[in-house]
Amino acid sequence: MHPRTPPARPSTTPPSATSDVLVVGGGVIGLVTAWRAAQRGLSVAVVDPEPGGGAAQVAAGMLAAVTELHYGEQTLLGLNVESARRYPAFAAELTEASGQDLGYRACGTLAVALDSDDRAHLRELHALQRRSGLESEWLSGRECRRLEPMLAPGVRGGLRVDGDHQVDPRRLAAALVVACERAGVTFHRAWAERLSVVRDRARGVVLADGTELGTDRTVLAGGSLSGRLGGVPQDVLPPVRPVKGQVLRLTVPKPYAPFLSRTVRAVVRGSHVYLVPRENGELVVGATSEELGWDTTVTAGGVYELLRDAHELVPGITELPLTETCAGLRPGSPDNAPLLGPTRLAGLHLATGHHRNGVLLTPLTGDVMAHALTTGELPDVARPFTPRRFTAPSPVPPPTTPHFTEQHA
Ligand code: GLY
């Protein structure tokens with residue numbers, strides 16, 4: 015997700031600083047947990063060398079509960095739909111709390127098919143969506159092009175989903191940092207080295223420079239690195255793995271605008287490609303999905319495949335300036351769903367494993383974690399996502415690859 019970084023700067027925090035809640039990882043999931051917990055009157059600290067970094071710096075920010083529905087993920091669907099439902103109020107509240115615009119855009123999504131196989135796949139998805147009580151409308155190719163004139167003439171049909179929107183994850187992360195600061199959250203800009211466990215209870219973390227941070231409630235929210243914090247007993251270590259995604263950013267010059275009015279996506283030769291147009295002219299094209307461990311190299315092949323597939327959907331894309339290429343690591347879990355709330359180790363909570371849905375699940379995760387941290391229980395909506403559902407030892411690979419303290423959470 016990120017290059018190796020220099021050793022942690024010495025913390026300015028006195029040894030044995032304490033807080034009610036200590037969040038390890040300052041990506042959007044850690045930050046929203048911290049913000050919501052602070053709003054409930056808890057004293058909160060976040061440990062991360064670069065709060066607001068993490069996978070959100072790469073993510074496109076689709077809020078695609080309906081168009082990213084997959085077979086076997088109906089339980090996760092309920093969580094995704096509920097978080098999407100909370101997004102407008104969450105975005106308004108966070109904008110107010112931070113004074114920053116999140117780039118939240120109720121633009122809808124169009125999923126299209128380029129050939130008869132794609133069309134059959136989309137028809138299946140449409141049927142699944144209908145059976146799941148979701149709103150989506152089947153359109154002919156001509157109707158798709160009427161909505162989005164830049165689409166290729168060969169588009170064979172599509173699904174119009176007016177409820178799948180977008181947010182700008184970089185702005186979301188920046189706004190959460192400010193909201194946390196304004197709510198009194200303390201930031202320790204350092205790497206967490208290991209969890210402190212005293213008499214079978216998590217008691218905080220030790221930083222890379224030896225500083226001890228004490229707490230009753232430690233939240234491990236380190237994204238793909240969550241399984242790599244030292245000192246966590248094996249049976250509660252979250253079984254998350256990095257799933258690489260390469261993403262491109264292009265710019266739509268003013269004369270071309272509006273290039274696309276909504277998110278456009280497709281499955282091309284089995285690979286997902288999506289184009290997410292921002293109001294400021296940025297066009298995000300994503301994403302590969304690669305099981306390559308901790309590798310975050312942007313490859314010629316990844317860029318080529320994304321551009322090739324995007325070009326098949328929207329041929330005019332090759333006219334646009336390519337302004338950025340990047341790669342990040344999704345925190346994948348064994349069932350593609352997050353791990354939320356208390357673990358079997360007293361005092362240790364998890365908020366990780368959000369895989370493809372971290373940005374979408376940010377509002378709900380904040381609410382769920384604040385509830386769990388104040389009551390010790392998960393609210394009903396999140397009960398299926400307890401970390402306790404994974405009883406087997408973690409499949410996290412041995413520490414020959416970057417340690418938790420060497421990459422961003
Ligand atoms: N949710 C989009 C992705 O993970 O690529």
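Per the numbering used here, the sequence shown starts with residue 15, numbered consecutively.
Heads up, the beta-carbon is just placed ideally off N, CA and C, and yes, glycines get one too.
Just so it is clear, the structure is predicted and the values come from calculations on it, not from any experiment.
Practice task
State the DSSP-derived secondary structure class of Leu320, mapped to helix, strand or coil.
Solution key: Annotated three-state conformation of Leu320 is helix, per DSSP.
Exercise for the section: State yes or no: is the C-beta of Gly259 nearer than 6 Å to some heavy atom of the ligand GLY? Expected result: yes
Handout entry: Same chain, Cβ closer than 8 Å to Cys121, five either side skipped, listed in chain order
Key = Once the five neighbours on either side are set aside, the close Cβ partners of Cys121 are His179, Gln180, Ser275, Arg276, Thr277 and Pro291.
Practice task
Would you check whether the ligand GLY has a heavy atom nearer than 6 Å to the C-beta of Arg276?
Solution key: no
Practice task
Apply the 10 Å Cβ neighbour rule to Gln88 and answer buried if 16 or more other Cβ atoms are within range, or exposed otherwise.
Solution key: exposed
Practice task
With a threshold of 6 Å, establish whether the CB of Ala120 neighbours any heavy atom of the ligand GLY.
Solution key: no
Practice task
Indicate whether Met76 and Gly330 have their beta-carbon atoms separated by less than 7 Å.
Solution key: Taking 7 Å as the Cβ cut-off, Met76 and Gly330 do not qualify as a contacting pair.
Exercise for the section: Give the DSSP-derived three-state secondary structure of Val212 in the structure shown. Expected result: Note: Val212 maps to strand in three-state DSSP.
Practice task
Pull up the distance between the alpha-carbon of Gly92 and that of Val46, whole angstroms please.
Solution key: 20 Å
Exercise for the section: Return yes when the Cβ of Ala188 is within less than 7 Å of the Cβ of Leu108, no when it is not. Expected result: no
Problem - Inter-residue Cα distance where the pair is Asp176 and Gly68 - result: 29 Å
Practice task
Could you spell out where the alpha helix (DSSP H) holding Phe104 opens and where it closes?
Solution key: Gln88 to Ser112
Practice task
Can you have a look at Gly113 and say buried or exposed, based on whether 16 or more other CB atoms are within 10 angstroms of its CB?
Solution key: Its Cβ having fewer than 16 others within 10 Å, Gly113 is exposed.
Exercise for the section: Give the range of the alpha helix (DSSP H) segment to which Val191 is assigned. Expected result: Pro183 to Arg196
Exercise for the section: Tell me whether Asn294 is buried or exposed, calling it buried when 16 or more other Cβ atoms sit within 10 Å of its Cβ. Expected result: exposed
Problem - When Arg184, Val246, Ala324 and His368 are compared against Ser97, the one with the closest alpha-carbon - result: His368
Exercise for the section: Using a Cβ-Cβ cut-off of 7 Å, state whether Val95 counts as contacting chain B. Expected result: Looking at the structure shown, chain B is missing, and only one protein chain is on hand.
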